[in-house]
Amino acid sequence: MEDRMRVIDISVPISPDLPVWPGDPPVELVRIANIADGANANVSHLACGVHVGTHVDAPVHFVEGSASIESLSLDRLLGRAYVA
126 MEDRMRVIDI
136 SVPISPDLPV
146 WPGDPPVELV
156 RIANIADGAN
166 ANVSHLACGV
176 HVGTHVDAPV
186 HFVEGSASIE
196 SLSLDRLLGR
206 AYVA
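Going left to right, the sequence shown walks through residues 126 to 209 as this note's numbering numbers them.
Shown next, in the form of structure tokens:
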């Protein structure tokens, strides 16, 4: 039998209601174009600090000269977890 892994997305939606780290900027999410108003697409502007919501801190965040996030293999971000 083939071994299969169940993947559960534990990320939270980004919204202005998300808590932020003290001193970080709040989440700003503003709709700037709407199809309902005649635009050819719905377009939003998002501004926030990089430590908002579900995210991964790269090793370089804590150790100067260590790995940046784009150098990490995605399999390093998968593993066993308990999700209630």
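All C-beta atoms, glycine included, are put in the ideal place defined by N, C-alpha and C.
Nearest in C-alpha terms to Val177, of all of Trp146, Ile157, Asn159, is Trp146. Taking a cut-off of 8 Å for Cβ pairs, the region 140–158 and the region 167–177 touch, as three or more such pairs fall below it. The Cβ atoms of Val168 and Arg156 sit closer than 9 Å to each other. Distance from the CA atom of Gly204 to the CA atom of Asp162, rounded to whole angstroms, is 45 Å. Taking C-beta atoms as the reference points, Ala183 and Ser193 count as a pair closer than 9 Å.
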